[in-house]
Structures are given as structure tokens and as C-alpha cells.
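Visitor:
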Amino acid sequence: MQYRTMKSTGDRLSALGFGCMRFPRKGVGVDVDRAISQVRYAIDHGVNYLDTALIYGSSETVVGRALAGGYREKVKLATKMPPYQVRKREDMDRLLDVQLQNLQTDHIDYYLLHSLTVKEWERLKGLGIADFIRTAKTDGRFRHIGFSSHNGTADFVQLVDDFAWDFCQIQYNILDETNQAGKDGMQHAAAKGLGVVIMEPLRGGSLAKMPPREVQAIWDEADVKRSPAEWALRWVWNHPEVTVVLSGMNDERHIEENLRVATDALPGSMTEAELALVGRVKAAYGRLMKVACTGCRYCMPCPAGVDIPACFEAYNNLSVESPLVVKIKYLNAVGGGLDGNGRMGKASQCRNCNKCVKVCTQHIDIPGQLKEVARAMEGPEMKALGFVLQPMFGAFMKISRWRNMRKARV
Numbered sequence: 002m003q004y005r006t007m008k009s010t011g012d013r014l015s016a017l018g019f020g021c022m023r024f025p026r027k028g029v030g031v032d033v034d035r036a037i038s039q040v041r042y043a044i045d046h047g048v049n050y051l052d053t054a055l056i057y058g059s060s061e062t063v064v065g066r067a068l069a070g071g072y073r074e075k076v077k078l079a080t081k082m083p084p085y086q087v088r089k090r091e092d093m094d095r096l097l098d099v100q101l102q103n104l105q106t107d108h109i110d111y112y113l114l115h116s117l118t119v120k121e122w123e124r125l126k127g128l129g130i131a132d133f134i135r136t137a138k139t140d141g142r143f144r145h146i147g148f149s150s151h152n153g154t155a156d157f158v159q160l161v162d163d164f165a166w167d168f169c170q171i172q173y174n175i176l177d178e179t180n181q182a183g184k185d186g187m188q189h190a191a192a193k194g195l196g197v198v199i200m201e202p203l204r205g206g207s208l209a210k211m212p213p214r215e216v217q218a219i220w221d222e223a224d225v226k227r228s229p230a231e232w233a234l235r236w237v238w239n240h241p242e243v244t245v246v247l248s249g250m251n252d253e254r255h256i257e258e259n260l261r262v263a264t265d266a267l268p269g270s271m272t273e274a275e276l277a278l279v280g281r282v283k284a285a286y287g288r289l290m291k292v293a294c295t296g297c298r299y300c301m302p303c304p305a306g307v308d309i310p311a312c313f314e315a316y317n318n319l320s321v322e323s324p325l326v327v328k329i330k331y332l333n334a335v336g337g338g339l340d341g342n343g344r345m346g347k348a349s350q351c352r353n354c355n356k357c358v359k360v361c362t363q364h365i366d367i368p369g370q371l372k373e374v375a376r377a378m379e380g381p382e383m384k385a386l387g388f389v390l391q392p393m394f395g396a397f398m399k400i401s402r403w404r405n406m407r408k409a410r411v
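Just so you know, the working numbering puts 131 at position 130 of the sequence shown, and the rest follows in order with no gaps.
#1: Could you give the residue range of the beta strand (DSSP E) that holds Ala171?
#2: In angstroms with no decimal places, state the Cα-to-Cα distance between Leu160 and Tyr42.
#3: By alpha-carbon positions, which one of Glu123, Leu176, Thr53 and Arg261 ends up nearest to Ala293?
#4: Just how far apart, CA to CA, sit His151 and Thr53?
#5: For Phe164, which of helix, strand or coil comes out of DSSP?
#6: Can you give me the Cβ contacts of Cys361 inside the same chain, cut-off strictly under 8 Å, excluding the 5 residues immediately before and after it?
#7: Give every residue of the same chain whose Cβ lies closer than 8 Å to the Cβ of Ala266, excluding the five residues on either side of it in the sequence, and list them in chain order.
#8: Identify whether Ala182 lies in helix, strand or coil by the three-state DSSP scheme.
#9: Just list the alpha helix (DSSP H) runs in the stretch 48-104, keeping only unbroken ones of 4 residues or longer that don't cross its boundaries, in chain order.
#10: For Ala223, which residues in the same chain have their Cβ closer than 7 Å to its Cβ, ignoring the five residues on either side in sequence?
#11: Using 8 Å for Cβ pairs, my map puts Leu289 next to Ser320. What's the rounded Cβ distance?
#12: Cutting at 7 Å between CB atoms, please list the residues of its own chain near Gln188, excluding the five before and the five after it.
#13: In terms of residue numbering, what span does the beta strand (DSSP E) encompassing Ile109 cover?
#14: Is the separation between the beta-carbon of Gly186 and that of Ser9 shorter than 7 Å?
#15: Would you kindly work out how many angstroms separate the C-alpha atoms of Arg144 and Met378, rounded to a whole number?
#16: Tell me the rounded alpha-carbon separation between Ala69 and Gln217.
#17: Taking 6 Å as the limit between beta carbons, can you name the residues of its chain near Glu231, skipping five residues before and five after?
#18: If you check the beta carbons only, do Ile171 and Ala155 fall under 7 Å apart?
#19: Provide the residue span of the alpha helix (DSSP H) that contains Ser15, from first to last.
#20: For the candidate residues Asp32, Val33 and Leu78, whose alpha-carbon lies nearest to that of Gly18?
#21: Since Thr244 contacts Val198 with CB under 8 Å, what's their CB separation in whole angstroms?
#22: Which residue from Trp166, Thr136 and Gly153 puts its Cα closest to that of Ile146?
#23: Judging by CA-CA distance, which residue of Ser323, Asp308 and Thr136 is the nearest neighbour of Ser207?
#24: To the nearest angstrom, how far is it from the Cα of Asp132 to the Cα of Ser149?
#25: If you draw a straight line from the C-alpha of Leu276 to the C-alpha of Leu55, how long is it?
#26: Using the beta-carbon count (16 or more within 10 Å), is Lys226 buried or exposed?
#27: With distances taken from CA atoms, which of Gly296, Trp220, Lys356 and Ala311 is nearest Lys347?
#28: Mind pulling the alpha helix (DSSP H) runs of 4 or more residues that sit fully within the stretch 217-255?
#29: Would Asp308 pass as a contact of Val335 if the rule is Cβ separation under 7 Å?
#30: Classify Ala315: buried if its beta carbon has 16 or more other beta carbons within 10 angstroms, exposed otherwise.
#31: On the three-state DSSP scale, how would you describe Thr118?
#32: Give the secondary structure of Thr6 by DSSP, where H, G and I count as helix, E and B as strand, and everything else as coil.
#33: With distances taken between CB atoms, is the gap from Pro25 to Asp32 smaller than 7 Å?
#34: Reducing DSSP to helix, strand and coil, say where Phe24 ends up.
#35: Using C-beta distances below 8 Å, list every residue in its chain close to Pro381, excluding the 5 sequence neighbours before and after it, in chain order.
#36: Under three-state DSSP, which class holds His189?
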């Protein structure tokens, strides 16, 4: 196993981290025995960073069981607090205490604020999050503080600069070099001294599946034959800013492959020819995309409130991901959120003012393309998803918060 030192904490961490959101299933639940076996196998073969979260169903409980019998001492454990379940300062302690119970441990090594936005961060500051972090660090309930983010670069940089974080966690892969925090955000965080943990290196598995014919033809030209997943992972690990790359491993074959690749995928180890090949693959995916948006955000803010880059990102993802999954993500990102309380930035909000067209570096007919996005993403199926999912998810979040608070009082 390759290890990289997170300079902000001094910890020597495995380049491959075990993402515990996608454990193998059995019936309607997690195949607990198999999940525990997989986690322990990975640890036995050098993985020493595990990532979970309170909202990952039974994940924390399963991880707690997997780390019994001496395994806890072999790893650095990361989990996340859901900001939306915090209503007052006391909730922060209660949620953390529940997580410590779930994980059967007296401390968490790497604690994150889950999917943090600027709006939520400002709200948490008003509730006393700084005092909570200081107190929990002092009494040893967690060692290091960070946040995970799906924000654009500007908002991500604002979060990085606003607090003395130890680390951050961002989505980064060959298709997202300019999406979300992107390369610029990653480099900014690293320059500020934050450790960088990468999630979704395979774009939710879509880069590991059978690629489009045009993409596979390019991979086939390589002198060294590798799976699409290996190419994608090596590209992320090639970045010196990256400390840990998380992989949601739920298949023994994938664990074996990732362990093998992590051994020698060193920073700067890819040749110019290999990087050029990846560049051609990215370009091929780009040709398959419906809109040539680079996510530069020169078009923002939109007077009508449309999140133009997010709309185009979702529209482009129809080429590489399940349409149903893409539409659920679209609902969550710009359609009011899965609980119905999020921001609205849908394509259909466009008022054709054309301000965005004047500043678009790619010369995209943005209003025209937004009409296509609305047609593809906001039809009857989308309305049905919102009608069904938002009340269900909202109720689930309320029940989840109630259960966690109740558990904390026991």
C-alpha cells in the first residue's frame, strides 16, 4: 500500500480509503457479514482510512462492528455530521455522541460537516459551531475537523478561507476537473495547508462501467492495458495535492483491483503520453456531452436565479449516467432539494434576458439550451419525482433527526 502524509495532521494515510456508503446488499438491508469481511480484508492489506456518515443508513453501526477485535487501533476513522439535523448548539453534541455510540469508539479521527454550503455554514456559526469544534477537539471526541463539499469553486474557496480547517473532501475525477470545487479549488485548499480527500473518483461508478464505444477505442490504444477504473483512479492519484482517494468498494474483485493500483499510482507517475490519452478520453466524453459548458461560472449570478452550470452539468450527465439518477440529482441540486426546502435554480426559471450570453466564454446559446434542459429534465416524470420524493425525504429527515435525538437522550 502507498501512504501519503497529510501535512496538516501529520498522519500517514493510505492512498486508498474505504468509502462505507455503498456496502453490499442482502435483501432490503446491508449484507453485514460480507461488509465486515470486506472492510477487514482491506485493513489487513494496508487501508487505514475509513469514511462513513450518520446519514448512510446502518453504515456507522456496521463500521463499528467491523472495527471490533483490535481493528479500531489500525485505522483513522472519518464520519460526518449532517448540518440540517442541527437546530441548536446542543444538537451538535447529541449527534456526535450518537455517532460515537454507533461506531463503538471514544473518538473520531476525522470529523466532517457533511455537504456543507455557505448558507448552512453561516447558520451553524450563529448556533455556536466554533465553540462546539473547539470543545470537542479539546475533550478528545474528535481529533481533526473538515468539511465535505459539492459547491462550485467560489463557494468552496469561501468556506476554505473562513475557518481553520484541517482537511476537506471534494468530488474530483476526469470528468469533474472544472466542476464543483474542481482543480482550482483543490489547489487552493492544498495551498492553504488543508489535507485533500477525494470522493467519487469514478463518478459514482459510471467511469468504471462499460464506456461509450468512442471512449473505449481510445483506451484500447494505450501501450499498457488497464481497465477504465484503473485509468480514472491513476489520474486522480497523479495529483500531488491529493492525500486519500475514497472508493465505495462493495465487490471483492474491485477491492483487489484498487489495492493493486494504489500500490504504485504515485504523484506525478503518469507519463506525458498517458496524460495525453486521458485528455483525449475527456475530450471524447466532452463530444458526447450535450452542452459545451466548462463550469467557469462567468454567467453567474443569473437574475432569474437559474444555476446555469448546475443545469448544464445535469443535462450532460444524461450521456454517462442513469437518467433516473440524473433527474434525482437535478431535483436535489436545483429543484428545491430532496426535502423540498433547498434552493430553486431550475432551467425553466430562465426569463430570456440574455445577460449570460454576452459573457459566456464558450459562446453558448444559454437561454436556448436551458429550454432543452427544461424539456429533458422537468417533464411529468420530474414533477412526479418531486411530488413523491420530497415529502418522503422530508419525513425521513424529521424521523431520522428525532431518532438520533432520542438515542442521544437514552
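A virtual CB, placed ideally from N, CA and C, is assigned to each residue, including glycine.
Guide: Short version:
#1: Numbered from its first residue, the sequence shown carries residue 171 at position 170. The question names Ala, but residue 171 is Ile in the sequence shown. Element bounds for Ile171: Phe168 to Gln172.
#2: Within the sequence shown, the letter at position 159 stands for residue 160. Within the sequence shown, the letter at position 41 stands for residue 42. C-alpha separation (whole angstroms): 36 Å.
#3: Indexing the sequence shown from 1 puts residue 293 at position 292. Comparing Cα-Cα distances from Ala293 to each of Glu123, Leu176, Thr53 and Arg261, the minimum goes to Leu176.
#4: The count along the sequence shown starts at 1 and reaches residue 151 at position 150. The count along the sequence shown starts at 1 and reaches residue 53 at position 52. Distance between the alpha carbons of His151 and Thr53 is about 17 Å.
#5: Taking the first residue of the sequence shown as 1, we reach residue 164 at position 163. Phe164: coil per DSSP, three-state reduction.
#6: Position 360 of the sequence shown, counted from the first residue, corresponds to residue 361. Excluding sequence neighbours, Cys361 sits near Tyr299, Cys300 and Ile367.
#7: Reading the sequence shown from its first residue, position 265 is the one you call residue 266. Cβ neighbours of Ala266 beyond the five flanking positions: Gln3, Ala16, Leu234, Arg235, Trp238 and Asn239.
#8: One-based indexing of the sequence shown puts residue 182 at position 181. Coil.
#9: 60-67 and 90-104
#10: Walking along the sequence shown from the start, residue 223 turns up at place 222. Excluding sequence neighbours, Ala223 sits near Leu278.
#11: As a working mapping, residue 289 is identified with position 288 in the sequence shown. As a working mapping, residue 320 is identified with position 319 in the sequence shown. Contact holds; Cβ gap of about 5 Å.
#12: By 1-based counting over the sequence shown, the position of residue 188 is 187. Counting only Cβ-Cβ distances below 7 Å, and skipping sequence neighbours, we find Glu242.
#13: For the purposes of this step, residue 109 is taken as the residue at position 108 of the sequence shown. Start and end: Ile109 to Leu114.
#14: Residue 186 sits at position 185 when you count from the first residue of the sequence shown. Residue 9 sits at position 8 when you count from the first residue of the sequence shown. No, Cβ-Cβ distance for Gly186 and Ser9 is not below 7 Å.
#15: In the sequence shown, counting from the first residue as 1, residue 144 sits at position 143. In the sequence shown, counting from the first residue as 1, residue 378 sits at position 377. About 43 Å.
#16: Mapped onto the sequence shown, residue 69 falls at position 68. Mapped onto the sequence shown, residue 217 falls at position 216. Straight-line Cα distance between these residues: approximately 43 Å.
#17: For the purposes of this step, residue 231 is taken as the residue at position 230 of the sequence shown. So the list reads Val262, once near-sequence residues are dropped.
#18: The count along the sequence shown starts at 1 and reaches residue 171 at position 170. The count along the sequence shown starts at 1 and reaches residue 155 at position 154. Their beta carbons are not under 7 Å apart, which means Ile171 does not touch Ala155 by this criterion.
#19: Taking the first residue of the sequence shown as position 1, residue 15 is located at position 14. Looking at the DSSP string, Ser15 is not in any alpha helix (DSSP H); the run it does join, the beta strand (DSSP E), is Asp12 to Ser15.
#20: The residue you call residue 18 lines up with position 17 of the sequence shown. Closest by alpha carbon: Leu78.
#21: One-based indexing of the sequence shown puts residue 244 at position 243. One-based indexing of the sequence shown puts residue 198 at position 197. Indeed they touch by this definition, with Cβ atoms about 6 Å apart.
#22: Residue mapping note: residue 146 aligns to position 145 of the sequence shown, counting from 1. Considering only alpha carbons, the answer is Trp166.
#23: Within the sequence shown, numbered from 1, the residue matching residue 207 stands at position 206. Of the candidates Ser323, Asp308 and Thr136, the one whose C-alpha sits nearest the C-alpha of Ser207 is Ser323.
#24: As a working mapping, residue 132 is identified with position 131 in the sequence shown. As a working mapping, residue 149 is identified with position 148 in the sequence shown. Asp132 and Ser149: Cα-Cα distance of roughly 20 Å.
#25: Mapped onto the sequence shown, residue 276 falls at position 275. Mapped onto the sequence shown, residue 55 falls at position 54. Roughly 38 Å between the two C-alpha positions.
#26: Residue 226 sits at position 225 when you count from the first residue of the sequence shown. Exposed is the call here.
#27: Residue 347 sits at position 346 when you count from the first residue of the sequence shown. Nearest option by C-alpha distance: Ala311.
#28: 229-238
#29: As a first step, residue 308 must be located in the sequence shown, where it is residue number 307. As a first step, residue 335 must be located in the sequence shown, where it is residue number 334. Yes, they are a contact pair.
#30: Looking up residue 315 in the sequence shown gives position 314. Buried is the call here.
#31: Position 117 of the sequence shown holds residue 118. Coil.
#32: Position 5 of the sequence shown holds residue 6. DSSP places Thr6 in strand when its eight states are reduced to three.
#33: Against the sequence shown, residue 25 aligns to sequence position 24. Against the sequence shown, residue 32 aligns to sequence position 31. Yes, these two residues count as a Cβ contact at 7 Å.
#34: Your numbering for residue 24 matches position 23 in the sequence shown. Looking at Phe24 - three-state DSSP - the assignment turns out to be coil, as it is neither helix nor strand.
#35: By 1-based counting over the sequence shown, the position of residue 381 is 380. Nothing listed; no residue qualifies.
#36: Here residue 189 is taken as the residue at index 188 of the sequence shown, counted from 1. His189 falls in the helix class under three-state DSSP.
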